[in-house]
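Student:
In structure tokens, the structure reads:
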């Protein structure tokens, strides 16, 4: 258990082998990536690639390694060649259908590092060759290449290893938000001798709490999401920037104990669910 997990925290969630990981709300959009179907109008603009695709909900075996096509980035977008993919327990929830994916089939994954290979028309602040990371929306990081809104990508310091960056952004920003913006306020709202309990959800949904139970002290119940605390570009850069700076300076030590080829994502999921892993899991695209 990590040092963070011993803190009294609000309704964020802890997962075995992946300390202090937040389950964000289901994403409302996906990165633009499609199955391999060409027509005469798209030949010049589509790039062949491969990705993990989910056509039906179920166990790790539903994760299929397939050929896909990735288009050119539009306004405000970039295309990246993925170098490392972070595996998070929320990926399993979408694969199983605990969280509903907006479309079927879909490409899972909510965290990755990559190199910019193309930028959309008129885009400034990003160039081909930049190393960037993202965590959260849009879903679709289990892919060799993908298109992202440039606003969700943050620069990765040259001294930070790609595998470390891919495994620390989501969990690191969660810890940053908890410690800087949530933890103190949560403690201040408690009565004398009150308890603030945080528990994981990987064993299933927690029991519901009747709203009448809150009436005796006019209590508030909230289920925060990291994505709401990094919704603006400034908030994202502040949180991710501090996380990566602490990794670069040696303040944070990231344990990437397990790496798998991206094509073997099913095995990574099976090992994570089977409690055979510790530390972080990273998928490496071929």
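In mature numbering (1 follows the signal peptide of the UniProt record, and there is no 0), the protein residues as written are -19 to -1, 1 to 267.
Quick reminder that beta carbons are idealized off the backbone N, C-alpha and C, glycines included.
On a predicted model such as this, the values are computed, not experimentally measured, just so you know.
1. Could you give the uninterrupted runs of the beta strand (DSSP E) lying entirely in the stretch 86 to 172, keeping only those of 3 residues or more?
2. Evaluate the contact criterion for the stretch 109 to 118 versus the stretch 252 to 260: three or more CB pairs, one atom per stretch, below 8 Å.
3. Quick check on residue 263: does DSSP put it in helix, strand or coil?
4. Note down, in chain order, each residue of its chain lying with its Cβ closer than 7 Å to the Cβ of residue 227, except the 5 sequence neighbours on either side.
5. Under three-state DSSP, which class holds residue 3?
6. Write down the C-beta distance between residue 237 and residue 260 rounded to the nearest angstrom, noting that I regard them as a contact closer than 8 Å.
7. Take residue 31 and list the residues in its own chain whose beta-carbon comes closer than 6 Å to its own, dropping the five residues that flank it on each side.
8. Beta-carbon separation of residue 85 and residue 50 under 9 Å?
9. Going by Cα to Cα distance, which pick from 224, 265 and 250 is closest to residue 240?
10. Assign residue 34 to buried or exposed, taking buried as 16 or more other Cβ atoms, counted over all protein chains shown, within 10 Å of its Cβ.
11. Measuring CB to CB, does residue 172 end up less than 9 Å from residue 58?
12. Leaving out five residues on either side along the sequence, give the residues of the same chain with a beta carbon under 7 Å from the beta carbon of residue 95.
Tutor: Reading it off the structure:
1. 92 to 100, 112 to 116 and 126 to 130
2. no
3. The residue labelled residue 263 in the question sits at position 282 within the chain shown. In this structure, residue 263 counts as strand in the three-state DSSP scheme.
4. The residue you call residue 227 lines up with position 246 of the chain shown. Taken in chain order, the residues that qualify are 233.
5. Taking the chain shown and counting its residues from 1, the one referred to as residue 3 is at position 22. At residue 3, the pLDDT of 39 sits below 50, so the modelled position is not reliable; the number obtained from the coordinates is stated separately. It is coil, neither helix nor strand.
6. Numbered from its first residue, the chain shown carries residue 237 at position 256. Numbered from its first residue, the chain shown carries residue 260 at position 279. So it is a contact: roughly 6 Å between Cβ atoms.
7. Numbered from its first residue, the chain shown carries residue 31 at position 50. Result list for residue 31: 48 and 125, in chain order.
8. The residue labelled residue 85 in the question sits at position 104 within the chain shown. The residue labelled residue 50 in the question sits at position 69 within the chain shown. Contact flag unset, no.
9. One-based indexing of the chain shown puts residue 240 at position 259. The residue with the shortest Cα to Cα distance from residue 240 is 265.
10. On the chain shown, residue 34 is found 53 positions in, with the first residue counted as 1. Buried, since its Cβ has 16 or more Cβ neighbours within 10 Å.
11. In the chain shown, the residue the question calls residue 172 occupies position 191. In the chain shown, the residue the question calls residue 58 occupies position 77. Result no, Cβ atoms of residue 172 and residue 58 do not sit closer than 9 Å.
12. What you label residue 95 is simply residue 114 of the chain shown in a count that begins at 1. So the qualifying residues of the chain are 61, 62, 63, 64 and 113.
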